[in-house]
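Everything on this sheet refers to the single structure shown next.
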Amino acid sequence: MTQYKPHGTCSILVEGNLMIIKAQGPWNDEYIDCLHQDLILVSQSIDINNYGILLNLYGEALAVNSGVKKHFDFVRRSN
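Okay, here's the thing in structure tokens:
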């Protein structure tokens, strides 16, 4: 399998228990993997029983099909 550089950008800011995500696509699988690592790190600084997410999408808010599936699986497995 060919490994590519992550394509897409994301910044995550936490204000209280609000996670503010600014993401610009399009996104490839490698980007989705990086996003998941960032989300795991950021989630340690919020109350996972009481939080909100504000998602701001920019550019081409598109992901490869395998990336969408990978992200849905990640969300299902996560707290």
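Those letters in the sequence shown? Residues 2 to 80, per our numbering, in order.
We treat Cβ as the ideally placed atom computed from N, Cα and C, and that holds for glycine.
All values derive from a computational prediction rather than experimental measurement.
Only counting the same chain, and skipping five residues up and downstream in sequence, which positions put a Cβ closer than 7 Å to that of residue i?
{"i": "Ile49", "result": "Asn80"}
Using only the heavy atoms of the ligand SAM, determine whether one of them is closer than 7 Å to the beta carbon of residue i.
{"i": "Leu14", "result": "Among the components of this structure there are no ligands whatsoever, and the ligand SAM is therefore not found."}
Does the Cβ-Cβ distance between residue i and residue j come in under 8 Å?
{"i": "His8", "j": "Ile33", "result": "no"}
For residue i, which option in the options has the closest C-alpha, if you only look at C-alpha atoms?
{"i": "Asn29", "options": "Asp39, Gly17, Ile41, Asn66", "result": "Asn66"}
{"i": "Asp39", "options": "Cys11, Gly53, Gln25, Val69", "result": "Cys11"}
{"i": "Val1", "options": "Gly53, Pro27, Cys35", "result": "With the chain covering 2 to 80 only, the question about residue 1 has no answer from this structure."}
With DSSP collapsed to three states, give me the class of residue i.
{"i": "Asn57", "result": "strand"}
{"i": "Ile145", "result": "The structure shown has nothing for residue 145, since the chain only spans 2 to 80."}
Could you name the residues of the same chain whose beta carbon sits closer than 8 Å to that of residue i, not counting the 5 residues immediately before and after it, in chain order?
{"i": "Asn51", "result": "Asn18"}
| said: Assess contact between the stretch 39 to 46 and the stretch 54 to 73, defined as three or more Cβ pairs (one per stretch) separated by less than 8 Å. Is contact present? | reply: No, the stretch 39 to 46 is not in contact with the stretch 54 to 73.
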